[in-house]
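Enquirer: Residue numbers (my numbering), protein chains in the order written: chain G, 15 to 281; chain B, 43 to 320.
Beta carbons: idealized from backbone N, C-alpha and C, even for Gly.
Computed from a predicted model, the values in this text were never measured in an experiment.
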């Protein structure tokens with residue numbers, strides 16, 4: 015039974031799930047997840063390792079489709095349309111729902127080519143159009159000032175924090191509606207973390223952002239809403255325990271399991 | 043690290059109770075000094091209040107340090123907020139206790155004759171204040187919201203005594219006041235009744251903060267006046283019971299208080315704690 019504290023309603027949501035279950039083959043990983051992700055807000059998923067938060071995140075752009083034997087039950091919608099409906103093109107979905115991973119993963123190409131890659135796939139061929147997209151995306155990712163005179167430099171030659179922002183610029187270049195971030199700051203230094211967090215705050219008014227993080231302070235600092243997942247018994251499916259406004263969840267959680275987790279009493 | 047933090051929180055909570063006990067005992071001394079014209083006791087009480095101030099300042103620093111270093115959330119954060127709030131109000135109460143002690147000194151030094159009836163009224167009012175403080179401490183130690191709800195009746199009794207004191211004062215026409223300076227001395231002396239009334243009100247504010255600690259909701263006196271016990275109990279959320287909130291351990295830090303003033307529940311805990319220590 016999930017506890018909700020001033021959680022978003024479907025009307026203001028970008029992504030909504032109802033009775034959502036997920037399996038890796040025979041393993042029932044997630045059960046009965048019901049939540050609405052508020053549009054153009056930052057939502058944090060927290061919980062101990064193995065509680066299904068990254069799994070759930072990857073369901074949102076059907077990244078789990080790439081793993082053989084996975085299946086879902088229930089529904090998940092993006093702007094009211096079923097993500098898992100027949101005829102939905104996962105590639106098109108992933109353009110609308112971009113993803114940033116724990117380890118920065120630039121292509122072994124130049125900074126310019128990294129950012130231009132997505133638009134090119136979408137059919138943008140004009141050099142001036144691509145130049146504009148690259149500049150705009152790098153500016154939005156707060157990286158332009160640092161790399162504007164070295165766009166031909168190998169993306170892998172950048173620092174970890176810069177690489178992560180390059181990956182964000184690469185996602186922004188295809189103008190997604192939703193940005194999924196799976197522990198995006200766990201492999202970068204504190205200064206870079208600050209830049210990524212600032213960037214998230216700047217992007218949020220025009221983009222729905224969902225972040226998985228093990229850093230409680232980061233979740234409390236940057237998110238508008240927080241969802242706490244937990245697998246209570248090994249081998250049993252994890253589920254959503256508590257979901258609501260971040261300030262309420264971090265000051266007055268209503269479920270003891272949430273209280274114990276965020277105060278560090280277990281997990 | 044969590045174990046250390048839990049211990050630090052428990053220590054801060056115990057210090058809060060210990061300071062509360064010190065304020066309560068200092069108030070007893072200040073009132074006794076006033077009623078019995080004991081200048082020496084008044085001076086000692088005044089000195090004790092300065093030590094309480096120092097402890098309050100230290101506790102406040104400890105709490106802010108924990109916030110800065112441990113980044114507390116949930117019940118840990120609510121507890122620290124509660125301790126800081128109560129600590130601040132203990133300083134306010136301590137200031138009033140000091141004023142009562144000063145009034146007692148002034149009364150003896152300037153040979154101010156307060157009519158016996160008025161001294162008796164102050165003594166009676168003080169008994170009511172002791173009960174408010176005892177009930178507040180009992181509510182905080184036992185995490186008992188029902189005591190918080192019942193407190194307004196106790197406070198009403200104190201406020202009634204305060205009003206009665208000034209009704210009697212207004213009727214008193216036998217005072218022989220030589221000049222304005224003597225009148226000021228007299229006025230400061232009778233302000234003890236007002237200080238007592240304020241101490242009871244501040245103590246109530248401390249007790250109301252228990253609602254925030256246990257429910258996460260900020261309830262005003264008006265909210266609580268309309269709330270019933272069942273409604274309040276249903277609002278409880280996890281608050282560190284058994285880890286941070288431990289009535290049996292907390293009771294040890296208020297064990298010096300007169301048992302008849304703290305209610306049966308806390309009195310039993312104090313007696314049990316004493317037996318365990320013996």
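Would you verify that the beta carbon of residue 62 of chain G is, or is not, closer than 8 Å to some beta carbon of chain B?
Expert: Position 48 of the first chain, counted from the start, is the residue given in the question as residue 62 of chain G. Output row for residue 62 of chain G: interface = no.
Enquirer: Any residues in the region 102-136 of chain B with a beta carbon nearer than 7 Å to a beta carbon of chain C? Which ones, in chain order?
Expert: Checking the listed chains, one finds no chain C in this structure; the protein chains it contains are G and B.
Enquirer: Counting only C-beta atoms, is residue 109 of chain G closer than 8 Å to chain B at any point?
Expert: Position 95 of the first chain, counted from the first residue, corresponds to residue 109 of chain G. It does not: the Cβ of residue 109 of chain G has no partner Cβ on chain B nearer than 8 Å.
Enquirer: Could you tell me the distance, in whole angstroms, from the CA atom of residue 108 of chain G to the CA atom of residue 181 of chain G?
Expert: For the purposes of this step, residue 108 of chain G is identified with residue 94 of the first chain, where counting begins at 1. For the purposes of this step, residue 181 of chain G is identified with residue 167 of the first chain, where counting begins at 1. Distance between the alpha carbons of residue 108 of chain G and residue 181 of chain G: 14 Å.
Enquirer: Can you tell which of B:223, B:137, B:270, B:51 has the C-alpha that lies nearest to the C-alpha of residue 22 of chain B?
Expert: The shown model of chain B, from 43 to 320, leaves out residue 22 of chain B, and the question about it has no answer.
Enquirer: Strictly below 7 Å CB to CB, what residues from chain G border residue 44 of chain B?
Expert: Taking the second chain and counting its residues from 1, one reaches residue 44 of chain B at position 2. Ordered by position in chain G, the residues that pass the 7 Å Cβ test against residue 44 of chain B are 278, 279.
Enquirer: Buried or exposed, going by whether 16 or more other CB atoms sit within 10 Å of the CB of residue 300 of chain B?
Expert: Position 258 of the second chain, counted from the first residue, corresponds to residue 300 of chain B. Per the 10 Å Cβ criterion, exposed.
Enquirer: Report the neighbours of residue 265 of chain G on chain B: residues whose CB is nearer than 8 Å to its CB, in chain order.
Expert: Along the first chain, read from residue 1 onward, the residue named residue 265 of chain G stands at position 251. Neighbours of residue 265 of chain G on chain B, chain order: 115, 116, 119, 120, 258.
Enquirer: Within the region 172-196 of chain B, note down every full beta strand (DSSP E) run reaching 3 residues or more, in order along the chain.
Expert: As far as the region 172-196 of chain B is concerned, it has no whole beta strand (DSSP E) run of at least 3 residues.
Enquirer: Please list the partners that residue 285 of chain B has in chain G, where partner means a Cβ-to-Cβ separation under 8 Å.
Expert: Here residue 285 of chain B corresponds to residue number 243 of the second chain, with the count starting at 1. What residue 285 of chain B touches in chain G: 279.
Enquirer: Would you mind stating whether residue 176 of chain G and residue 160 of chain G have Cβ atoms separated by less than 8 Å?
Expert: Numbered from its first residue, the first chain carries residue 176 of chain G at position 162. Numbered from its first residue, the first chain carries residue 160 of chain G at position 146. Yes. Within cutoff.
Enquirer: Rounded to the nearest angstrom, what separates residue 160 of chain B and residue 314 of chain B at their Cα positions?
Expert: In the second chain, residue 160 of chain B corresponds to position 118, counting from 1. In the second chain, residue 314 of chain B corresponds to position 272, counting from 1. Roughly 39 Å separates the two Cα atoms.
Enquirer: Identify the continuous beta strand (DSSP E) that holds residue 111 of chain G and give its terminal residues.
Expert: Mapped onto the first chain, residue 111 of chain G falls at position 97. Looking at the DSSP string, the run of the beta strand (DSSP E) that includes residue 111 of chain G is 111-114.
Enquirer: Run through chain B and tell me which residues come within less than 7 Å of residue 273 of chain G, C-beta to C-beta.
Expert: Numbered from its first residue, the first chain carries residue 273 of chain G at position 259. In chain order: 116, 117, 280.
Enquirer: Could you tell me which chain B residues have their CB closer than 9 Å to the CB of residue 10 of chain G, listed as they occur along the chain?
Expert: No answer is possible for residue 10 of chain G: the residues shown for chain G start at 15 and end at 281.
Enquirer: Does DSSP classify residue 176 of chain G as helix, strand or coil?
Expert: Translated into positions along the first chain, residue 176 of chain G becomes position 162. Residue 176 of chain G: helix per DSSP, three-state reduction.
Enquirer: Quick one: what does DSSP say residue 44 of chain B is sitting in, helix, strand or coil?
Expert: Locating residue 44 of chain B in the second chain gives position 2, where the first residue counts as 1. Three-state result, residue 44 of chain B: helix.
Enquirer: Would you tell me roughly how many angstroms separate the C-alpha atoms of residue 234 of chain B and residue 73 of chain B, rounded to the nearest one?
Expert: Taking the first residue of the second chain as 1, we reach residue 234 of chain B at position 192. Taking the first residue of the second chain as 1, we reach residue 73 of chain B at position 31. Going by the C-alpha atoms only, they are around 9 Å apart.
Enquirer: How far does the beta strand (DSSP E) with residue 36 of chain G in it reach, from first residue to last?
Expert: As a working mapping, residue 36 of chain G is identified with position 22 in the first chain. From DSSP, the beta strand (DSSP E) with residue 36 of chain G extends over 27-38.
Enquirer: Since residue 170 of chain B and residue 200 of chain B are thought to touch, with beta carbons under 8 Å apart, how far apart are those beta carbons, to the nearest angstrom?
Expert: In the second chain, counting from the first residue as 1, residue 170 of chain B sits at position 128. In the second chain, counting from the first residue as 1, residue 200 of chain B sits at position 158. Between residue 200 of chain B and residue 170 of chain B the Cβ distance is about 4 Å, and since that is below 8 Å, they are a contact.
Enquirer: What residues are listed by DSSP as bridge partners for residue 85 of chain G?
Expert: The residue given as residue 85 of chain G occupies position 71 in the first chain. According to DSSP, which records beta bridges pairwise, residue 85 of chain G is partnered with G:37.
Enquirer: What does a CB cutoff of less than 8 Å around residue 112 of chain B pick up in its chain, not counting 5 residues either side in sequence?
Expert: For the purposes of this step, residue 112 of chain B is taken as residue 70 along the second chain, with counting starting at 1. For residue 112 of chain B, where only same-chain residues beyond five positions count, the Cβ hits under 8 Å are 47, 50, 118.
Enquirer: Applying the 10 Å Cβ sphere with the 16-neighbour rule, what's the burial state of residue 267 of chain G?
Expert: Counted from its first residue, the first chain places residue 267 of chain G at position 253. Looking at its Cβ environment, which holds 16 or more other Cβ atoms inside 10 Å, residue 267 of chain G is buried.
Enquirer: If you drop the 5 nearest sequence neighbours on each side, which residues of the same chain put their C-beta closer than 8 Å to that of residue 109 of chain B?
Expert: Position 67 of the second chain, counting from 1, holds the residue named residue 109 of chain B. 119, 122, listed in sequence order.
Enquirer: For the region 211-236 of chain G, enumerate the residues whose C-beta is nearer than 9 Å to any C-beta of chain B, in chain order.
Expert: From the region 211-236 of chain G, only 230, 231, 234 have a Cβ closer than 9 Å to chain B.
Enquirer: If you drop the 5 nearest sequence neighbours on each side, which residues of the same chain put their C-beta closer than 7 Å to that of residue 279 of chain B?
Expert: Taking the first residue of the second chain as position 1, residue 279 of chain B is located at position 237. Only 257, 258 meet the Cβ criterion.
Enquirer: Label residue 106 of chain B either buried or exposed according to how many other C-beta atoms from any shown protein chain fall within 10 Å of its C-beta, with 16 as the threshold for buried.
Expert: Numbered from its first residue, the second chain carries residue 106 of chain B at position 64. Residue 106 of chain B comes out exposed.
Enquirer: Can you tell me the Cα-Cα spacing of residue 113 of chain G and residue 196 of chain G, whole angstroms?
Expert: For the purposes of this step, residue 113 of chain G is taken as the residue at position 99 of the first chain. For the purposes of this step, residue 196 of chain G is taken as the residue at position 182 of the first chain. So the alpha carbons of these two residues sit roughly 8 Å apart.
Enquirer: List the whole-angstrom C-beta distance separating residue 62 of chain B from residue 296 of chain B, where the pair is believed to meet the contact cut-off of C-beta under 8 Å.
Expert: Taking the second chain and counting its residues from 1, one reaches residue 62 of chain B at position 20. Taking the second chain and counting its residues from 1, one reaches residue 296 of chain B at position 254. Indeed, because the Cβ distance is near 7 Å, the residues count as touching under 8 Å.
Enquirer: For the alpha helix (DSSP H) containing residue 127 of chain B, list its first residue and its last residue.
Expert: Stepping through the second chain from its first residue, residue 127 of chain B is reached at position 85. First-last of the alpha helix (DSSP H) with residue 127 of chain B: 116-151.
Enquirer: To which residues does DSSP link residue 59 of chain G through a beta bridge?
Expert: Here the question's residue 59 of chain G lines up with position 45 in the first chain. G:226, G:241.
Enquirer: Report yes or no: do the region 221-230 of chain G and the region 41-61 of chain G share at least 3 C-beta pairs separated by less than 8 Å?
Expert: Result yes; three or more Cβ-Cβ pairs closer than 8 Å.
Enquirer: Excluding sequence positions up to five away, which residues of its chain have a Cβ less than 7 Å from the Cβ of residue 45 of chain G?
Expert: The count along the first chain starts at 1 and reaches residue 45 of chain G at position 31. So the qualifying residues of the chain are 35, 251, 253.
Enquirer: When the Cβ atoms of the region 226-233 of chain G are set against those of the region 140-147 of chain G, are three or more pairs found closer than 8 Å?
Expert: The answer is no - the region 140-147 of chain G does not touch the region 226-233 of chain G, with fewer than three Cβ pairs under 8 Å.
Enquirer: Leaving out five residues before and five after residue 132 of chain G in sequence, what residues of the same chain have Cβ atoms less than 8 Å from its Cβ?
Expert: In the first chain, counting from the first residue as 1, residue 132 of chain G sits at position 118. 109, 184, 185, 187, 188.
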